[in-house]
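The block underneath contains the structure these notes are about, expressed in C-alpha cells.
Chains as they are written, first to last, in full-length UniProt numbering: chain A, 1 to 333; chain B, 1 to 333; chain C, 1 to 333.
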C-alpha cells in the first residue's frame, strides 16, 4: 500500500508548519493563498488544468505563526488545522481554482492523513475545501494527457492509494462538502464515514464519469453501491448523474443537507457524536464493514493500473482530452 | 451463450418484414392480429395455455408495407417498430391472449434483440406489450407439462438465454409495462435498465412463484435483489408478492408510475435521456455493474438446467400442472 | 451444526410439559414465574447478571394443566404455547429480569425450536418475551466473565447455534418485539422473517456493541446488512445505534410498529398471511436467500469461536466486564 517512493519523498519535502488562519471563509481563502485566476467562472471549469495555474510561486503561506490553541501544519495544497482538545483536525483542500486531484495534491493528502493517523491526539478529521463553491473537481486531466505510461501508472497508483487510505482509515472521517463534488471529488466524499452537503443547488455530487465518455473503475462503483445500493448506483453510474442537494439526500449519497453557513459547525457536532463511541471497537467495526471492498482492489491493484494506463494511452482518448483541455484554456484567456 | 441450434434455425425462418402499424393502442391491437379468444377474461387466466390459442393460422401480418419513416420487421410473436432517427426501436410482445413466454416467443425475442444489437442504427429498445392489459404472464405452462426431459432442457435453456441477452444487452432497454407482469413477465421487466408501469391497480408486478407452489431460480432472485435490495426481495419472494403500482414504486421494483395513456410517450422521453449519455462508456458501465450476477448463472448453466428438468419432471409437479391447466381450459369453453 | 453434547443433554432434561397460561400479559407474567428483583429498574440494567437472580428454585411452573385447545410444553426459560389449529406456536422467553441469553436459555431455545420443527403440526412460530418491557438484553455477561476458555467456547458455540437454527429455520418466524432489544436481542429479532415492534419510545432496537466497547461479529453484521443495507448498517454498527420505534421502522430494522397492546394480535395476523403461502416453495425460497450468509459462518465456525475466546479472555476485557457487572450488582442492592 506504499506510495511510489519518488512521490513520497517529493511530498514530504513539501510538508512544513504554516500560519493557521481563522476558520471564517474569508480568512481561509486568504490563508490559502492564490485565489482564482481572472476569468474563471467556477463550476463550468471543473476539470480545468489547474496545475498550470497553481504552479505560480508565492502561494505557500509563511512558516511559523499558529492559530488559537494549536499549531497548524500542512503542505502547499493541504491545510491542516488541528484541534487536539476536540481530538480532531480539519483538513482543507486548497488547490485553486477547483481542487483538482493532481499527483501532488493526492500525495499531500495521503501524507497529511498518515501524519494524523500516527498522532494519538487525533481520532477524527473533517475534510473540506478551502475554496467554498467547489469541493473538488476530481481527477486532474493534466495528469492524464500528453504524458508517458510511467507517469500514468504513478498517477493511478496515487489515486488508488488515497482511496485505500481514506476508506480504511481508523480515523473518523466527516466530509463537509461545501461545493460541487463530481467524479473523483465524489469518490473522496464517499470514502469518508459521513457526508454533510451545503444546501446550494449548484453543489451537485455524483460519479458522472460516463457523461465525460469515461468509465468509473470498479472500486469507485463498489464504493457507491455500498453507499446507495445496487439499483440506485447502477442508474446513477450509467447516466452519470450529478445530484443536487435534495436528491442527493434522498438517494443517500450524502447523509445530511444543511444551510451553507452551517456545514462546518454541523461537521463538528457530528464528529463529537462519532468520537463519543469507544474508539477501538468502532475502528474494528469499520474495518469489518469495509475490508472486503478494499481487498477487491488490493488483490488486483497492478492489473487495475495497467487497465488505466492502456485506456488513457489510446489515441482516441488522448485526442478527446486535448480538445477538451484546449477548450477550457481558451475560456480562461 | 448460444441458443440450441434447432431453436435458432426454426426461429430465423419465422423472421420476416411486416406491415408497420401506427403507434396508437388501437392500431397496435389491430396490427398485432389475433385478439383474445371469446370467454377469456384477462388476468384470471395468466398462465393459460396460450399456445393452443395462438396456433391458429392467419395471424401473421402481411409482409411489406412499412410505417412512417422506417420499415418494420418482426416475427409472428414479436413486432419491431424501428425508429432509426431516434436511434431506437419499439419491440412489442404479441402472443395473445397473455404473452406467455413459450419457446417460440423466447426464441423470437432473442433473435429480434440480436438483430437490433447488430445494427448500429439502434442504441435502445422499448419493450412493451401489443395487448395492453397484460404485459406478460410469464413462463408458458404448456412448455412444462407432458413433454420429455429434452424439451424441458431446451425450454429452460431458452429462458436462461433471454435473461442473459437482456441483462447484459449493450442496448438501453426501457420497459413500458402496460399490463400485469407476474413471474417471468416481471423478470423480463427487471432485466431492463428502467421500468415504467401504467397506473392501473390491476397491473401488478412481482415474482409470485411461491404462490404457485414453485421456486424462483437463484438468478431470478439475484435480479430482484439487485433491484430492490436483499430484505425487500426476501420478503417479496417468500410471500410471492404482486405489487400494485403505488407499492411497486415504493419498493423500487419499477422506477416510475404514469397514467396508462402516457406509458409509451414517457418511455420515449426516458429513452432520449439515456441515449444522450456517451454510448461506449455507458455500455462498459452497465457491464461492470451486471457481469458478476450474469456470471453466477454462466458458471453453472448446465446444472441449473438439470435442476429445472428434474424438478419439473416430478410426478407431483406434473400432476399439479395438469390439474391447473385443465381448470384454465374449462374456463375458456 | 450440532450443539455441544453436554449442553444438549442438560437441556433435554429440562424439557417438561407445563401449565399453559392464558395469553393476556398479566397471566403470562404470572405463569412465567419469578418476576423482577426489587430495585431493578429495567432498561438501565440490561446486561445484568440475571443468572444469579434466575437461579432461585421454584420458578418452574407445575407440570400438567394445559391451555385452551392444546397442551403447552416448554422448559424453565422458554414457554411454548402451541396452537396447532393455526399451525403455529408462541414461544416466550422467560428468564427474568431481562431475558439475557445465558447458555441455558440459548440451549432451551434451540431445543424448543427443534421440537417444533420436527412436528408437522407447526409451520410457524411467534417469538416474544414473557416479560413485556424487555424483549431480550442480549448475550449474558455472566457467561463471559471469570470462566475458563472451554466455557467461553461452549457458550459461543451455543450463540452460533441459535443464530443458525433461527436464520435457516424452515418455520415462519415472526418476532413480536414487546420490549427493548439491544445487541444479541436484536440479532434474535433480525434472524426471524418479520419483526413487529411495540410503539413505546423505551423499546429501542439495534446492534449497540460498540457502545459497550466490543465488536459485533461478522455474522451479526451480515444479518444487519441483509436487513437494512450496507450503508445504514455501517453507520448503525460503528455508532452502536439503538433505534426507537419510528426510526427503527424508517431504517427498516423492523417491518411494522403497532400500539403495544396490538403486538401479539398483529403477529398472529401476519403469521396467517405467511402460512397461506405454499410451505415447501416458501421454505426453499427462504433457504435460497439465506444460505450464502449462513455458509459464511459455517465455513469458519471454529475460527470464529477461537476469535471470541481469545478476545474475551484478554485481561483488559475481563477487567472491564468485572467493573461493569459489579456496578450493576451494586445498583441492585
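All residues carry an ideal CB built from backbone N, CA and C; glycine is no exception.
{"Item": "Bridge partner(s) assigned by DSSP for residue 83 of chain C", "Value": "C:88"}
{"Item": "Cβ shell of residue 267 of chain B (< 6 Å), same chain only, five flanking positions each side left out", "Value": "126, 174, 176, 196"}
{"Item": "8 Å contact criterion, which residue 143 of chain A and residue 188 of chain A should meet: CB distance rounded", "Value": "With 8 Å as the limit, residue 143 of chain A and residue 188 of chain A do not qualify as a contact, their Cβ atoms being about 16 Å apart."}
{"Item": "Listed by chain order, chain B residues near residue 218 of chain A by CB distance under 7 Å", "Value": "288"}
{"Item": "Beta-carbon neighbours of residue 278 of chain C, restricted to chain B and to distances below 9 Å", "Value": "210, 211, 212, 213, 214, 240"}
{"Item": "Residues of the segment 219-234 of chain C with Cβ closer than 9 Å to any Cβ of chain A, in chain order", "Value": "221, 225, 229, 230, 231, 232, 233, 234"}
{"Item": "Contact the segment 150-166 of chain A vs the segment 206-215 of chain A: 3+ CB pairs below 8 Å", "Value": "no"}
{"Item": "Contact list for residue 193 of chain A against chain C, beta-carbon separation under 9 Å", "Value": "234, 235, 238"}
{"Item": "Cutoff 8 Å: residue 163 of chain A Cβ touching any chain C Cβ", "Value": "no"}
{"Item": "Within 8 Å, strictly: CB atoms of residue 168 of chain C and residue 294 of chain C", "Value": "yes"}
{"Item": "Residues near residue 256 of chain B by beta carbon distance below 6 Å, same chain, minus five either side", "Value": "196"}
{"Item": "Interface residues of chain B facing residue 282 of chain C [CB-CB closer than 7 Å]", "Value": "210, 238"}
{"Item": "Proximal residues to residue 247 of chain A (C-beta, below 8 Å), its chain only, five neighbours per side dropped", "Value": "none"}
{"Item": "Within-8 Å CB hit, residue 87 of chain A to chain C", "Value": "no"}
{"Item": "Whole-angstrom C-beta distance between residue 179 of chain A and residue 132 of chain A, which should lie under 8 Å", "Value": "6 Å"}
{"Item": "Contact between the segment 304-314 of chain C and the segment 258-272 of chain B (3+ Cβ pairs under 8 Å)", "Value": "no"}
{"Item": "Contact list for the segment 242-257 of chain A against chain C, Cβ threshold 7 Å", "Value": "252"}
{"Item": "8 Å contact criterion, which residue 289 of chain B and residue 172 of chain B should meet: CB distance rounded", "Value": "Residue 289 of chain B to residue 172 of chain B, Cβ: 14 Å. No contact."}
{"Item": "Burial state of residue 251 of chain A (16 or more Cβ within 10 Å)", "Value": "buried"}
{"Item": "Of the residues A:128, A:141, A:221, the one placed nearest residue 194 of chain A, counting alpha carbons only", "Value": "A:128"}
{"Item": "Buried or exposed (CB count within 10 angstroms, at least 16 for buried), residue 323 of chain C", "Value": "exposed"}
{"Item": "Helix, strand or coil at residue 28 of chain A according to DSSP, with G and I counted as helix", "Value": "Residue placement at residue 28 of chain A cannot be trusted, given a pLDDT of 33 that sits under 50; the coordinates are not used to answer."}
{"Item": "Beta carbon of residue 245 of chain A nearer than 8 Å to that of residue 206 of chain A", "Value": "no"}
{"Item": "Among B:325, B:279, B:122, the one whose alpha carbon lies nearest that of residue 82 of chain B", "Value": "B:122"}
{"Item": "Closer than 8 Å to chain C by CB, residue 285 of chain A", "Value": "yes"}
{"Item": "beta-carbon residue 267 of chain B near the ligand FMN non-hydrogen atom, thresh 7 Å", "Value": "This structure does not include the ligand FMN; it has no bound ligands of any sort."}
{"Item": "Coarse secondary structure for residue 136 of chain B, derived from DSSP in three states", "Value": "coil"}
{"Item": "Nearest residue (CA-CA) to residue 287 of chain B, options A:273, A:300, A:237, A:313", "Value": "A:237"}
{"Item": "Residue span of the alpha helix (DSSP H) that contains residue 310 of chain B, given as start and end", "Value": "301-312"}
{"Item": "Contact belief for residue 78 of chain C with residue 88 of chain C at Cβ below 8 Å, rounded distance in angstroms", "Value": "With 8 Å as the limit, residue 78 of chain C and residue 88 of chain C do not qualify as a contact, their Cβ atoms being about 16 Å apart."}
{"Item": "CB contact below 8 Å: residue 274 of chain A versus chain C", "Value": "yes"}
{"Item": "Straight-line gap, residue 253 of chain A to residue 190 of chain A (C-alpha atoms, nearest Å)", "Value": "8 Å"}
{"Item": "Beta-carbon proximity of residue 100 of chain A to residue 130 of chain A, cut-off 8 Å", "Value": "no"}
{"Item": "Same chain, Cβ closer than 6 Å to residue 233 of chain A, five either side skipped, listed in chain order", "Value": "224, 225"}
{"Item": "Whole beta strand (DSSP E) elements within the segment 172-209 of chain B, 3-residue minimum", "Value": "172-177, 179-182, 194-198"}
{"Item": "Three-state secondary structure assigned by DSSP to residue 317 of chain B", "Value": "helix"}
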